[in-house]
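Numbering (the UniProt record's numbering), first residue to last: 1 to 305.
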């Protein structure tokens with residue numbers, strides 16, 4: 001069975017007239033009749049009832065033609081699909097992100113991309129920065145949103161572009177402030193408290209930035225707990241276990257029992273950015289990178305304005 005035969009059947013079904021169908025197909029009637037007979041022989045069923053006066057679909061023919069039409073229509077759509085794939089209007093994009101971005105740039109970035117490219121299959125996974133880099137190198141994701149350590153630390157062949165830079169703030173149990181044991185923005189008063197922190201292996205950029213605050217104050221951190229999810233860290237702070245130093249955007253995660261307060265001095269900034277393979281020519285990725293640049297530009301304009 002060939003595609004041209006399916007087109008022949010659909011044309012006859014549409015016109016219920018061999019002469020008109022042949023004209024539509026730019027062929028003569030005898031070869032069309034032979035083609036229909038051949039496909040009926042192959043299927044072992046009659047698709048059409050023919051008399052001298054009319055042509056009608058059999059019951060089986062009526063049902064089978066609907067399937068044949070879907071095949072013909074699908075084939076007709078293939079060139080358009082190829083074009084849309086080539087310009088990134090369709091396709092697949094596997095994106096991974098760190099949890100902190102859910103409270104900063106991630107919502108606007110993803111909602112805007114989905115709106116601009118609704119036919120792209122966007123596969124999202126949450127992962128720490130180290131896991132994302134490994135997944136990118138192993139081609140299990142196409143792009144990641146990570147907390148940067150340094151560009152020099154990226155593996156060969158991995159590109160990086162900054163998206164967001166923000167200061168660190170302290171997240172402390174509300175009870176500590178209620179008890180009067182802390183001022184509202186005062187290292188080293190805060191820094192002597194028990195610390196909950198991201199492990200270095202998961203987010204070296206954030207981990208090192210936090211420890212840099214202690215080094216500048218000539219103090220050693222009292223690390224009592226490590227956790228790889230920011231929601232977990234904030235939950236532990238709410239329990240009164242200790243304090244944490246987190247990106248400023250975490251103020252958007254409001255939780256009873258937690259107070260966010262600014263650091264007074266020597267506050268480093270952390271950078272969140274995109275990683276992708278330099279040689280990746282996925283058009284959906286190209287469009288995502290362009291979209292991210294627009295979103296980052298709008299955020300910069302808003303900050304300046």
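Don't be surprised by glycine CBs; every beta carbon is placed ideally from N, CA and C. All values reported here derive from a predicted model rather than from experimental measurement.
- Inter-residue distance for residue 172 and residue 90 is about 46 Å (C-alpha atoms, whole angstroms).
- For residue 91, the enclosing beta strand (DSSP E) has its first and last residue at 91 to 97.
- CA-to-CA, the gap between residue 129 and residue 83 works out to about 34 Å.
- Straight across, the Cα-Cα distance linking residue 231 with residue 113 is about 25 Å.
- Counting every other CB atom within 10 Å of its CB across the protein chains shown gives residue 119 a total below 16, marking it as exposed.
- With contacts defined as CB atoms closer than 9 Å, residue 286 and residue 257 fail to qualify as a contacting pair.
- Annotation: residue 166 is outside any alpha helix (DSSP H); the continuous beta strand (DSSP E) that includes it extends over 158 to 173.
- Per DSSP, the beta-bridge partners of residue 243 are 195.
- Residue 111 sits away from residue 229, with the two beta carbons spaced by 9 Å or more.
- Collapsing the DSSP output to three states places residue 231 in a helix.
- With fewer than 16 other beta carbons inside 10 angstroms of its own, residue 51 counts as exposed.
- Per DSSP, residue 48 lies in no alpha helix (DSSP H); the unbroken beta strand (DSSP E) holding it starts and ends at 48 to 50.
- Beta-bridge analysis with DSSP links residue 225 to 196.
- When 58, 92, 210 are compared, the shortest CA-CA separation from residue 196 is found for 210.
- DSSP places residue 144 within a strand segment (E or B) once states are collapsed to three.
- Residue 250 counts as buried, since no fewer than 16 other beta carbons sit within 10 angstroms of its beta carbon.
- Take residue 193, set aside five residues on each side of it, and the residues of its chain with a beta-carbon closer than 6 Å to its own are 243, in chain order.
- In this structure, the CA atom of residue 246 is about 18 Å from the CA atom of residue 217.
- Beta-bridge annotation (DSSP): residue 271 is paired with 165.
- The three-state secondary structure of residue 105, taken from DSSP, is coil.
- Note on geometry: alpha-carbon atoms of residue 132 and residue 214 lie some 28 Å from one another.
- For residue 262, the enclosing beta strand (DSSP E) begins and ends at 258 to 262.
- Secondary structure at residue 121: strand, using DSSP grouped into helix, strand and coil.
- Your pair residue 204 and residue 165 does not check out as a contact, with CB atoms roughly 17 Å apart and the cut at 8 Å.
- Fewer than three Cβ pairs drawn from the segment 132 to 146 and the segment 73 to 87 lie within less than 8 Å of each other, which leaves the two stretches out of contact.
- Across the structure, residue 17 and residue 92 are spaced so that their CA atoms are roughly 44 Å apart.
- In the structure shown, residue 72 adopts helical secondary structure according to DSSP, grouped into three states.
- Between the C-alpha atoms of residue 81 and residue 69 there is a straight-line separation of about 18 Å.
- Judged by DSSP in its simplified three-state form, residue 3 adopts helix.
- Residue environment analysis places residue 42 among the exposed positions, since fewer than 16 neighbouring C-beta atoms fall within 10 angstroms of its C-beta.
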